[in-house]
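Student: FYI, the numbering for the sequence shown is 19 to 279, going by the numbering used here.
We treat Cβ as the ideally placed atom computed from N, Cα and C, and that holds for glycine.
Sharing a structure with you now.
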Amino acid sequence: MKQHKIKRILLTVLAAMTLSAAGNAQTATNGETQNKRKITIEKPDLEDIKQKTLDPQSVYYFPKLMAKYNRNDTVMTNDEYRYFYLGYMFQEDYDPYRVSPYSGVTDDLRLKKIHSKEEIDTIRKYAELSLRDNPFDLRQMSFLVHVLKEKRKDMSAKIWEYRLEHLLGAIKSTGTGEDLENAWYVIYPVHEYDMVRLLGYEATDADFIEPGYDYLTVRPDEETRRRLRDKVAQGFYFNVEVPQAQYEMKHPELWRDEEEQ
């Protein structure tokens, strides 16, 4: 269990470091989104989500939602995004720790504030390849929005921005993050960092809490500190019970090795 917890922390810390390379574009966009979108917060019924996303007769059948998502359909409702996001945990190809071979190819380039045309094209190419491999890679989505704006591909940028906003909204709809009972549900531990950035915080530490929760200690950015003053959060809770269970089920040999150490 100790090694598993360390692995989780290392993965999420690495994600946080890489996310910072996207600059302030995502933070500004997400701040505007918070003001525009009204999100209903409700603890998810995971059994219902599992049943409906696996049922070919349901409007929430996962392949139907994926087809709608890929059509750039801007009439997808918040509920559809919620079933789409959370329902992925129950699909056969879901693996909470699988990393796309394309995801780290352009990390060095993304650290630069300004890119050449060739660099933009390279970042775009590998971001799109990563998203074909994993449509829920919010980090790559953020980078793609950024370079599309650099290239003045405004319509394409808006499509990806819309997707990013609504997937983050699906996470936000699952709770408040204030305590274990109201923890946010994420399908990948790395998404925890996307949420704290959305709210204007930087994660400084991570702890695993049995039976399946992560707690991120955070510090606010200057704007958040000024805006919230004495109401600044010290940390947020995330529910990762399903990702943990799926990890154990799909990688029993790795889980046994970790338990023995």
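#1: Looking at C-alpha atoms only, which residue of L104, Y255 and L129 is the closest neighbour of D223?
#2: What is the C-beta distance between Y231 and A201, in whole angstroms, given that I count them as a contact (C-beta under 8 angstroms)?
#3: Using the beta-carbon count (16 or more within 10 Å), is L104 buried or exposed?
#4: Check P238 in the structure and name its three-state DSSP category.
#5: Under a Cβ-count criterion, where at least 16 other Cβ atoms within 10 Å of its own Cβ denotes burial, should E196 be classed as buried or exposed?
#6: Bridge partners for W202 per DSSP, in chain order?
#7: Given a threshold of 16 other Cβ atoms within 10 Å of its Cβ, counted over all protein chains shown, does M107 qualify as buried or as exposed?
#8: Which whole-angstrom value is the C-beta distance of F285 and L185, which I expect to be below 8 angstroms?
#9: Between E220 and D239, how many whole angstroms is the CB-CB distance? I'm expecting something under 8 angstroms.
#10: State the DSSP-derived secondary structure class of D232, mapped to helix, strand or coil.
#11: Quick check on M173: buried or exposed, where buried means 16 or more other Cβ atoms within 10 Å of its Cβ?
#12: Rounded to whole angstroms, what is the Cα-Cα separation between P62 and S134?
#13: Quick one: using the 10 Å Cβ neighbour count with 16 as the cut-off for buried, is G193 buried or exposed?
#14: Rounded to whole angstroms, what's the CA-CA distance from R157 to S118? Just pull it up for me.
#15: At the level of alpha carbons, what is the spacing between I177 and N88?
#16: Pick out whichever of Q262, P229, L198 and R142 has its Cα sitting closest to the Cα of G253.
#17: Sort out for me which residues DSSP pairs E220 with in a bridge.
#18: Report the rounded CA-to-CA distance for A43 versus F80, giving the unit in angstroms.
#19: If I follow the unbroken alpha helix (DSSP H) through Q158, where does it start and stop?
#20: Measure the C-alpha to C-alpha separation of L217 and V163 and round it to an integer number of angstroms.
#21: Have a look at T242 and R170 and give me their C-alpha separation to the nearest angstrom.
#22: D113 by DSSP, collapsed to three states: which one?
#23: Considering only the beta carbon of each residue, do E160 and S121 sit closer than 8 angstroms?
#24: Are the CB atoms of Y101 and T71 nearer to each other than 8 angstroms?
#25: Could you work out which residue in A85, K56 and D139 is closest to L166 when comparing CA atoms only?
#26: Tell me, to the nearest whole angstrom, how far the beta carbon of I57 is from that of N90; I am working on the premise that it is less than 8 angstroms.
Tutor: A quick look at the data gives this:
#1: Along the sequence shown, one-based indexing puts residue 223 at 205. Of L104, Y255 and L129, the residue nearest in Cα terms is Y255.
#2: For the purposes of this step, residue 231 is taken as residue 213 along the sequence shown, with counting starting at 1. For the purposes of this step, residue 201 is taken as residue 183 along the sequence shown, with counting starting at 1. 6 angstroms between Cβ atoms; contact.
#3: Position 86 of the sequence shown holds residue 104. That one is buried.
#4: In the sequence shown, counting from the first residue as 1, residue 238 sits at position 220. Note: P238 maps to strand in three-state DSSP.
#5: Walking along the sequence shown from the start, residue 196 turns up at place 178. When all chains shown are included, E196 counts as exposed.
#6: Here residue 202 refers to the residue found at position 184 of the sequence shown. Paired residue(s): F256.
#7: Numbered from its first residue, the sequence shown carries residue 107 at position 89. Classification for M107: buried.
#8: In this structure the chain extends from 19 to 279, so residue 285 is not present and cannot be described.
#9: Locating residue 220 in the sequence shown gives position 202, where the first residue counts as 1. Locating residue 239 in the sequence shown gives position 221, where the first residue counts as 1. Confirmed, Cβ separation roughly 7 angstroms.
#10: The residue given as residue 232 occupies position 214 in the sequence shown. D232: strand per DSSP, three-state reduction.
#11: In the sequence shown, counting from the first residue as 1, residue 173 sits at position 155. M173 comes out exposed.
#12: Within the sequence shown, residue 62 is the residue found at index 44, counting from 1. Within the sequence shown, residue 134 is the residue found at index 116, counting from 1. Cα-Cα distance, rounded: 44 angstroms.
#13: Residue 193 sits at position 175 when you count from the first residue of the sequence shown. Counting Cβ neighbours within 10 Å, G193 comes out buried, since at least 16 surround it.
#14: For the purposes of this step, residue 157 is identified with residue 139 of the sequence shown, where counting begins at 1. For the purposes of this step, residue 118 is identified with residue 100 of the sequence shown, where counting begins at 1. Going from the Cα of R157 to the Cα of S118 covers about 12 angstroms.
#15: Position 159 of the sequence shown holds residue 177. Position 70 of the sequence shown holds residue 88. Looking at the two C-alpha atoms, the distance is approximately 10 angstroms.
#16: Translated into the one-based positions of the sequence shown, residue 253 becomes position 235. Ranking Q262, P229, L198 and R142 by Cα distance to G253 puts L198 first.
#17: The residue given as residue 220 occupies position 202 in the sequence shown. Its beta-bridge partners are R237.
#18: Position 25 of the sequence shown, counting from 1, holds the residue named residue 43. Position 62 of the sequence shown, counting from 1, holds the residue named residue 80. Low confidence applies to A43: its pLDDT is 37, below 50, so where it sits in the model is not reliable, and the reading given next is rough at best. Roughly 31 angstroms separates the two Cα atoms.
#19: Within the sequence shown, residue 158 is the residue found at index 140, counting from 1. Note, Q158: alpha helix (DSSP H), L156 to E168.
#20: Stepping through the sequence shown from its first residue, residue 217 is reached at position 199. Stepping through the sequence shown from its first residue, residue 163 is reached at position 145. Approximately 19 angstroms between the Cα atoms of the pair.
#21: Along the sequence shown, read from residue 1 onward, the residue named residue 242 stands at position 224. Along the sequence shown, read from residue 1 onward, the residue named residue 170 stands at position 152. Cα to Cα, the separation comes out at about 30 angstroms.
#22: Start at 1 with the first residue of the sequence shown, and residue 113 comes out as number 95. It is coil, neither helix nor strand.
#23: Walking along the sequence shown from the start, residue 160 turns up at place 142. Walking along the sequence shown from the start, residue 121 turns up at place 103. Note that residue 160 is Ser in the sequence shown, not Glu. No, Cβ-Cβ distance for S160 and S121 is not below 8 angstroms.
#24: Taking the first residue of the sequence shown as 1, we reach residue 101 at position 83. Taking the first residue of the sequence shown as 1, we reach residue 71 at position 53. Yes, they are a contact pair.
#25: Translated into positions along the sequence shown, residue 166 becomes position 148. For the residues A85, K56 and D139, the minimum Cα distance to L166 belongs to D139.
#26: Walking along the sequence shown from the start, residue 57 turns up at place 39. Walking along the sequence shown from the start, residue 90 turns up at place 72. Incorrect: roughly 21 angstroms between the Cβ atoms, too far for contact.
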